[in-house]
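*Asks:*
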């Protein structure tokens, strides 16, 4: 029984079901990645966990409690935290303000958490008075992740964090994500970039046409020829 | 009720309401309301072309109405030869320089290409043109305004039959709309709205202050009429006979002297009604023509294309339709119709008074008509024109009466009661707002919604 | 039919298309595939005239069409459909089709007052054609339905139908498969083949569903990071290691090392 | 014949008839534009009812001013109206929250197009105009009291020994001071407080704000409250400086919108800049420079015409032309406003 588990998720955005009976689970202190060809419903599966689409079947459990009925906001409160693929920072606000907004629902003192974030992403400490809009793509992603970390989430969800960043930045981001995981956070991410993602993943889900096609540890999936082929959308 | 019958029913109700006014208040009041209803209906049609067909949010209606109005005096008033002698030539010169100047600026802007200071240079050129034009215009306008200011002090018009001015009003408004559209139609919806709002204000202030052209706030009264004058009617035997035949019953069995007096009285009120009926007839004709043209255009490939553009511009463009061109066309057409209505209105008033144009009455009220009537549906906007104008007029007496009843408890001399009574008339503004909000909330399509889907 | 001659398209720093060249043979159904951000859609938009290429030429039957506006290309018979269907929601399916033909007499407003008869005749013709199309696509039962009420797949069929209202030479299909259920996708596939066989349309389609591509397309062109990576039959490209790698994502040296280590460690 | 150095006289002349009035008018526009821009930034529509919101606020304030005056309450040298201002603000807050609840909220829930909101605001405008004219009537209202002048032109001449005088009306000083205080407070609120930051966040990126657990309803409520404060104050200051006449506030709508758009819709700082740009260009273009030039130029070159670029009636034209120019050159305004 994993910490966060979505079972038999079936649903879409009003129209036809985009994901069908698919199951995603992640434990604290591990990284699970959802990979697969374009239009396989990867992001949709993640949004299903967040309660951001109309579900027909399936349940979402967090730490044993059923949260299927909760609104996205409520799930954020319950410890989930989400980094959208794009528009994931407040461009007209400074890095620091972005982090503060991340902690909006918290009423206690957030300075400690903010320090942790700055340790995790030293560059943000330097840039903390700068408008997030003026940062480079990689730095933005760091702000986005930092923002999401401000609620001290138990589960961090990232939707294609490396989309449109250079290989070096990508490596750095992945290293950071590994560190986050080592803090005992459950990390769930959707990745276009299967090769890289599966290498750092403890668990991988290959989705095709909105269904679980393969599941296993990152390295075994990478080794599997059929998996590799399935990325061409088979 | 079936949607097919709906128009008939609502229009029947509308007619009934007018009849009631006729019986309760008086026929001449009913006719006055009817005439303005007809004009409003035409304006509403114009706005509907822009908003209903193409989704253009134009809040400059007042401006185009006023342009229609000025057309009346420019066409129908007799020219003021003295003024023409002193200032005409120079004014013409100013106009020419203006046109030439504008063309020159455009050419310059094009020719300058992508070189540096393009905008700066253009601005400088504009300023230069401005001063050049001003050097002719200034003295000319002063000279013209000096000519017998009490009576004329302006160039006057062409002295043509007033009916022509309705066409001219349309053309004038269309021309202005074309210019404005060229500049503003690429703007986003609410920018466009604000831009048109501004243009209307500018047009009005022009008409108020260019005395050499419009006599400004001194007003132009005694505009020619397309219909006979009451007094002439009362003189003319055929009319008296008409009245006589109408009232044979009433007149029968009266002594000669009383009979003559009674007849005079009857023909006096008769003449008023007759004149109003003439106007009603003319307006009815214009409305019918415009309505027919609109429906023909709307229920045709053209209308289909326009609806497609309104629905999804990108797709329409991808289907090879010239979106910008059509939008401009719509803007011009709609404004032209409003211009015609404006001319008719001024003709009906018999005077041009730029001071009286205000946006609540001449822009936003028309909007209420279109939205309430049913945007996108020609019959709807006509109904809206009738209904809203009726309410607008009748809300005043009703409001005052209501206040009178409500405050009857107070002693008639009390300052409070007096104030309530003069301010009661403004309740109709509130009524309009509430009506608009209620319709938008509870029947967003209006009373006669647009028929979508296959025709 | 269309010759893409070393075309590049840059947006600021990003090279969406980076010196790509390929041919779309007359009468072929060419597949254009590749991972996200490979520049497929940009390529479509460039061909359809929404963008001008930064460098390079595009020839339509030997004529350089760079710089032509979309509606001009439309008149030359180059049509594109959209990834998200762009139907006119408040108009019936029939109207959606009937508004397509360019320069109809009745599109000039004065004609709607002066030349009613000609318009009537032309309308009759157009409606007839539209009805043919709906039959061809087996959606006649929806002819008077508002396009807004159609299902995703039916909208895609309608998109296809639009291209049939004019004699298209080249039709660019952007992910006709996206959000369409299998059965309807088969219908669309059939329609495409028939259009290709019976009416000699040339198709170029962006698609992610490989077996759909496999059934329809020959040749298949693979783009990655703005360049043409491979070209050949569906079978050839799918078994091409380079292509698979491209789909799996960017390689980056030091990460690979870590991976190797972890594999040795037998995680 | 004139005392003192000519250019000094010219300077004083200019500051008396151009600079001072422009600053005052500019502050009034800025406050108005701030209201418009806030609503646009958060609720994403151009609020046509804003002018009449100003009128309403000013009206309530005036009514209470009269009441206070009748009770003999006064504010020393300052106009009693300032005492009544808070009450006026309170009433405006109530009516704005009420309109939001009764009119706008429903359409927010069903996610209507921006244009729908604009049309709704027209409806609200009708109701408010009606209300204002119904309660206080369409005529000019006089309510100003307290000292008219800080110092009069005559005293200034004596003091400075110039032939030109500089007069500072108390309404001008009040306008400038109050504006500065209010703007400072507003920016402090937006930049420093959690609520203010959440507003900026919401206007910047709605979805992300929701994902951060920001409650939209609160944001909207706060926005209306701020709008009420700004509108009422702007309305009152304008009425103190010129006069209170319901219809004027509709005409103010154009320069106010112009200011907001020129600065970039949704950008508070832009609204302020825009306000002053519009105000200064209006005053400068419609000022009669004859006397000014007579001071500066040698006798020989003295102009015989008025040297007025535009007759005063064309104020609107000025704000409009600037608006169009800016939209054509920098379509999102000087400070990169948002596009809906």
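Chains as they are written, first to last, in this note's numbering: chain U, 1497 to 1730; chain W, 23 to 477; chain Z, 281 to 547; chain P, -4 to 335. Note that CB positions come from ideal geometry on N, CA and C, so glycine has one too.
By the 10 Å Cβ neighbour count, where 16 or more other Cβ atoms means buried, how is residue 1667 (chain U) classified, buried or exposed?
*Replies:* Label assigned to residue 1667 (chain U): buried.
*Asks:* Closer than 8 angstroms by C-beta to residue 212 (chain W): which residues in its own chain qualify, once you throw out the five before and the five after it? Chain order, please.
*Replies:* Here the set comprises 79.
*Asks:* Just to make sure I have the definition right: I need the residues of chain U whose C-beta is within less than 7 angstroms of the C-beta of residue 528 (chain Z). Which are they?
*Replies:* Those within 7 angstroms of residue 528 (chain Z) in chain U are 1690, 1691, 1724 and 1727.
*Asks:* What would DSSP say about residue 344 (chain Z), mapped onto helix, strand or coil?
*Replies:* Three-state DSSP puts residue 344 (chain Z) in a strand.
*Asks:* Could you tell me the boundaries of the alpha helix (DSSP H) in which residue 456 (chain Z) lies?
*Replies:* From DSSP, residue 456 (chain Z) is part of no alpha helix (DSSP H); its letter is neither H nor E.
*Asks:* With respect to the alpha helix (DSSP H) encompassing residue 141 (chain W), which residues constitute its N-terminal and C-terminal limits?
*Replies:* First-last of the alpha helix (DSSP H) with residue 141 (chain W): 140 to 168.
*Asks:* Using the three-state DSSP reduction, which class does residue 1501 (chain U) fall into: helix, strand or coil?
*Replies:* Residue 1501 (chain U): strand per DSSP, three-state reduction.
*Asks:* Can you tell me which of the three DSSP states residue 360 (chain Z) falls into?
*Replies:* DSSP places residue 360 (chain Z) in strand when its eight states are reduced to three.
*Asks:* Counting only Cβ-Cβ distances shorter than 7 angstroms, please list the residues of the stretch 254 to 274 of chain P near chain U, keeping chain order.
*Replies:* Within the stretch 254 to 274 of chain P, no residue qualifies.
*Asks:* Could you tell me which residues DSSP puts in a beta bridge with residue 295 (chain Z)?
*Replies:* Answer is Z:290, bridged to residue 295 (chain Z).
*Asks:* Could you give the DSSP three-state label for residue 1708 (chain U): helix, strand or coil?
*Replies:* Note: residue 1708 (chain U) maps to strand in three-state DSSP.
*Asks:* Helix, strand or coil, according to DSSP, for residue 330 (chain Z) in the structure here?
*Replies:* In this structure, residue 330 (chain Z) counts as coil in the three-state DSSP scheme.
*Asks:* Any Cβ of chain Z within less than 9 angstroms of the Cβ of residue 339 (chain W)?
*Replies:* Interface residue, yes.
*Asks:* If we count the other Cβ atoms within 10 Å of its Cβ and call it buried at 16 or more, is residue 35 (chain W) buried or exposed?
*Replies:* Per the 10 Å Cβ criterion, exposed.
*Asks:* Between the stretch 407 to 427 of chain W and the stretch 51 to 61 of chain W, can you find at least three pairs of beta-carbon atoms closer than 8 angstroms?
*Replies:* Yes: the two stretches touch, three or more of their Cβ pairs being nearer than 8 angstroms.
*Asks:* Starting from the C-beta of residue 131 (chain P), find all residues in its chain whose C-beta is less than 6 angstroms away, skip the five residues before and the five after it, and write them out in chain order.
*Replies:* Within the same chain, residue 131 (chain P) has close Cβ partners 54.
*Asks:* I believe residue 309 (chain W) touches residue 64 (chain W) by the beta-carbon criterion, under 8 angstroms. Please report the beta-carbon distance rounded to the nearest angstrom.
*Replies:* About 6 angstroms; that satisfies the 8 angstroms criterion.
*Asks:* Return the chain-ordered ranges of every alpha helix (DSSP H) run that is complete within the stretch 63 to 126 of chain P and spans a minimum of 4 residues.
*Replies:* Runs of the alpha helix (DSSP H) inside the stretch 63 to 126 of chain P: 76 to 94 and 100 to 104.
*Asks:* Which residues does DSSP list as the beta-bridge partners of residue 1641 (chain U)?
*Replies:* None, per the DSSP bridge assignment.
*Asks:* Residue 1552 (chain U) lies in the beta strand (DSSP E); which residues open and close that run?
*Replies:* Counting along the chain, the beta strand (DSSP E) containing residue 1552 (chain U) begins and ends at 1550 to 1558.
*Asks:* For residue 497 (chain Z), name the three-state secondary structure that DSSP assigns.
*Replies:* Here residue 497 (chain Z) sits in coil by DSSP.
*Asks:* Since residue 1578 (chain U) is in the beta strand (DSSP E), which residue starts that stretch and which ends it?
*Replies:* Note, residue 1578 (chain U): beta strand (DSSP E), 1576 to 1579.
*Asks:* Measure the alpha-carbon distance for residue 421 (chain W) versus residue 220 (chain W) and round it to whole angstroms.
*Replies:* One C-alpha to the other measures close to 32 angstroms.
*Asks:* Which of helix, strand or coil does DSSP assign to residue 373 (chain W)?
*Replies:* In the structure shown, residue 373 (chain W) sits in coil (DSSP, three-state: anything other than H, G, I, E or B).
*Asks:* What three-state label does DSSP hand residue 1685 (chain U) in the structure shown?
*Replies:* Here residue 1685 (chain U) sits in strand by DSSP.
*Asks:* State the Cα-Cα distance for the pair residue 1671 (chain U) and residue 1678 (chain U), rounded to the nearest angstrom.
*Replies:* Between residue 1671 (chain U) and residue 1678 (chain U), the C-alpha separation is close to 11 angstroms.
*Asks:* According to DSSP, is residue 184 (chain P) helix, strand or coil?
*Replies:* Helix, per DSSP.
*Asks:* 9 angstroms is my cut-off, CB to CB: does residue 195 (chain P) come that close to chain U?
*Replies:* Cβ-Cβ to chain U under 9 angstroms: yes for residue 195 (chain P).
*Asks:* Could you tell me which chain W residues have their CB closer than 7 angstroms to the CB of residue 386 (chain Z), listed as they occur along the chain?
*Replies:* Within 7 angstroms Cβ-Cβ: 322, 323 and 324.
*Asks:* Given residue 461 (chain Z), which residues of its chain have a CB within under 7 angstroms of its CB, disregarding the five upstream and five downstream residues?
*Replies:* These residues qualify, in order along the chain: 433.
*Asks:* Hey, is residue 205 (chain P)'s beta-carbon within less than 9 angstroms of any beta-carbon in chain U?
*Replies:* It does; some Cβ of chain U falls within 9 angstroms.
*Asks:* Just to confirm before moving on: does the CB-CB distance between residue 453 (chain Z) and residue 411 (chain Z) stay below 9 angstroms?
*Replies:* Against a cut-off of 9 angstroms, the Cβ pair of residue 411 (chain Z) and residue 453 (chain Z) comes out as no contact.
*Asks:* Would a C-beta distance cut-off of 9 angstroms place residue 47 (chain P) and residue 113 (chain P) closer than the cut-off?
*Replies:* Contact: no.
*Asks:* Using 10 angstroms around the beta-carbon of residue 322 (chain Z), count the other beta-carbons present and answer buried if the total reaches 16, otherwise exposed.
*Replies:* Answer is buried; the Cβ neighbour count reaches 16.
*Asks:* For residue 262 (chain Z), name the three-state secondary structure that DSSP assigns.
*Replies:* Because chain Z here runs from 281 to 547, residue 262 (chain Z) falls outside it and cannot be looked at.
*Asks:* Assuming residue 482 (chain Z) is part of the alpha helix (DSSP H), what are its boundary residues?
*Replies:* No alpha helix (DSSP H) holds residue 482 (chain Z); the beta strand (DSSP E) holding it covers 482 to 486.
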